[in-house]
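> This is the structure I have questions about; it appears just below.
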Ligand SMILES: Nc1ncnc2c1ncn2[C@@H]1O[C@H](COP(=O)(O)OP(=O)(O)OP(=O)(O)O)[C@@H](O)[C@H]1O
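Residue numbers (this note's numbering): 107 to 384.
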């Protein structure tokens with residue numbers, strides 16, 4: 107199914123309860139016989155102040171969904187809103203500003219600048235944008251992430267988990283409406299991964315942030331409030347208050363019994379937050 111962008115406005119929850127939403131979101135790559143329908147008329151609302159995980163088999167459209175919701179990729183059809191702002195149809199310059207001012211990103215590779223210390227990395231996007239950080243908020247983020255005594259360290263002087271926490275602080279620093287995290291624990295050992303998940307959880311619970319995380323790992327998804335399951339470019343299911351075991355079980359249904367993680371990984375991933383300080 108391929109809805110047109112001229113569909114009537116969606117009748118979803120009030121805008122103040124929804125950080126981002128999409129209606130009939132369709133994304134095709136290529137043309138003619140080689141067309142790949144990465145997203146097939148997806149309707150979704152990301153609830154504000156919640157931690158949402160997006161799971162699904164490889165190629166199911168998780169990254170594409172995130173990129174379209176974040177205005178990093180154009181859509182083939184349908185509409186996307188960030189809060190009240192419809193972002194489909196915005197010009198690249200407007201999108202760049204919207205991403206800079208309203209969205210925080212965390213990727214698998216931390217993208218920290220090696221010559222800058224942790225604090226400089228955290229504030230870099232705001233410095234580039236000519237914005238002054240809200241010092242009280244910044245302090246709260248730094249303390250919540252346990253980075254207070256690491257601020258002068260360069261990335262090479264930090265552990266993988268600490269580097270990812272710096273990337274997390276950088277995403278939080280401008281107090282964005284929405285944080286997108288794409289496999290934020292993908293490059294970390296299980297202990298560091300647990301730390302980052304615990305801090306994302308903390309960002310939601312204590313700082314009131316909204317987080318959307320793409321992951322392959324049922325143990326990581328178990329830290330979220332809601333898991334959206336994608337298959338073949340569609341949201342085929344969702345699960346509130348997920349556990350690693352329940353998510354793993356659900357994933358088996360979509361992947362014909364071969365999820366992309368082992369049961370041991372799934373259970374390890376849910377072992378609870380790691381203790382602070384390396
Ligand atoms: N730039 C592109 N050009 C062509 N096809 C693409 C492009 N990006 C993604 N696709 C295709 O769109 C589909 C969805 O890709 P996407 O990366 O969103 O999946 P995913 O669920 O994030 O996968 P993974 O878990 O492997 O990262 C796949 O079939 C992929 O091959």
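Cβ atoms here follow ideal geometry from the backbone N, Cα and C, with glycine treated the same way.
Residue 284: which of 172, 131 and 199 sits nearest, CA to CA?
Selected option, being the one with the closest Cα: 172.
> Of the residues 139, 170, 141 and 323, which one's Cα is nearest the Cα of residue 294?
Checked all of 139, 170, 141 and 323; the closest Cα to residue 294 is 323.
> Can we count residue 388 as close to ligand 1, meaning its CB is less than 6 Å from some heavy atom?
Because the chain spans 107 through 384 in this model, residue 388 falls outside it and cannot be assessed.
> Cutting at 6 Å between CB atoms, please list the residues of its own chain near residue 157, excluding the five before and the five after it.
These residues qualify, in order along the chain: 310, 317, 330 and 331.
> Residue 147 by DSSP, collapsed to three states: which one?
If DSSP states are grouped into helix, strand and coil, residue 147 belongs with the strands.
> Counting pairs of Cβ atoms below 8 Å between the stretch 244 to 264 and the stretch 200 to 214, do you hit three or more?
Counting Cβ pairs under 8 Å, fewer than three are found: no touch.
> Taking Cβ to Cβ, would you say residue 176 is nearer than 7 Å to residue 150?
In this structure, residue 150 does not lie closer than 7 Å to residue 176 by Cβ.
> So, is residue 197 buried or exposed, given that buried needs 16 or more other C-beta atoms within 10 angstroms?
Exposed is the call here.
> Pull up the distance between the alpha-carbon of residue 154 and that of residue 227, whole angstroms please.
Rounded to the nearest angstrom, the two C-alpha atoms are 27 Å apart.
> Given a cut-off of 7 Å, decide if residue 253 and residue 275 are closer than it, judged by their beta-carbon atoms.
The answer is yes: Cβ separation under 7 Å.
> Can at least three beta-carbon pairs, one atom from the stretch 338 to 354 and one from the stretch 177 to 189, be found at a separation below 8 Å?
Taking 8 Å as the limit for Cβ pairs, the verdict is that the stretch 177 to 189 does not touch the stretch 338 to 354.
> Who are the Cβ neighbours of residue 388 in its own chain at under 6 Å, not counting the five residues just before and after it?
Residue 388 is absent from the model: the chain starts at 107 and stops at 384.
> Rounded to the nearest angstrom, what separates residue 145 and residue 170 at their Cα positions?
Computed Cα separation, rounded: 7 Å.
> Give me the Cα-Cα distance between residue 289 and residue 214, rounded to the nearest whole angstrom.
Distance between the alpha carbons of residue 289 and residue 214 is about 5 Å.
> Could you tell me the distance, in whole angstroms, from the CA atom of residue 130 to the CA atom of residue 359?
If I take the Cα positions, the gap works out to 25 Å.
> For residue 116, which three-state DSSP category applies?
Reliability fails at residue 116, whose pLDDT of 42 lies under 50, so the model's placement of it is uncertain and no value is given.
> Here's the rule: buried if 16 or more other CB atoms are within 10 angstroms of the residue's CB, otherwise exposed. What is residue 268?
Buried, by the Cβ-count rule.
> Where in the stretch 256 to 342 do unbroken runs of the beta strand (DSSP E), each at least 3 residues long, occur, reported from the N-terminal end onward?
Fully enclosed beta strand (DSSP E) runs of 3 or longer: 284 to 288, 317 to 320 and 332 to 337.
> Suppose the cutoff is 7 Å on Cβ atoms and the five residues either side in sequence are ignored; what does the same chain contact list for residue 307 look like?
157 and 329.
> Looking only at C-alpha atoms, which of 199, 249, 273 and 280 sits nearest to residue 236?
The residue with the shortest Cα to Cα distance from residue 236 is 280.
> What separation, rounded to the nearest whole angstrom, lies between the Cα atoms of residue 126 and residue 278?
Those two C-alpha atoms are separated by around 17 Å.
> Please report how far the alpha carbon of residue 380 lies from the alpha carbon of residue 188, in whole angstroms.
Below a pLDDT of 50, predicted positions are generally treated as unreliable, and residue 380, at 38, falls in that range; the measurement from the model is reported next regardless. Roughly 33 Å separates the two Cα atoms.
> Roughly how many angstroms separate the alpha carbons of residue 222 and residue 263, rounded to a whole number?
Cα to Cα, residue 222 sits roughly 11 Å from residue 263.
> For residue 178 and residue 200, I'd like the C-alpha separation in whole angstroms.
Whole-angstrom Cα-Cα distance: 12 Å.
> May I ask you to report which of helix, strand or coil DSSP gives residue 197?
Reduced to three states, the DSSP call for residue 197 is coil.
> With C-beta atoms as the reference, is residue 210 less than 7 Å away from residue 282?
Yes, these two residues count as a Cβ contact at 7 Å.
> Counting along the chain, where does the beta strand (DSSP E) carrying residue 186 start and finish?
Element bounds for residue 186: 183 to 188.
> So, at 7 Å on beta carbons, what are the nonlocal neighbours of residue 132 in its own chain, with the 5 sequence-adjacent residues on each side left out?
Cβ within range, chain order: 108, 109, 145, 146, 147, 181, 182, 183 and 184.
> Leaving out the 5 sequence neighbours to the left and right, which residues in its chain are closer than 8 Å to residue 250 when beta-carbon positions are compared?
Closer than 8 Å at the Cβ level, and outside the excluded window around residue 250, lie 305, 308, 309, 312 and 313.
> Considering only their Cβ atoms, is the gap separating residue 298 from residue 266 smaller than 7 Å?
Closer than 7 Å, so yes.
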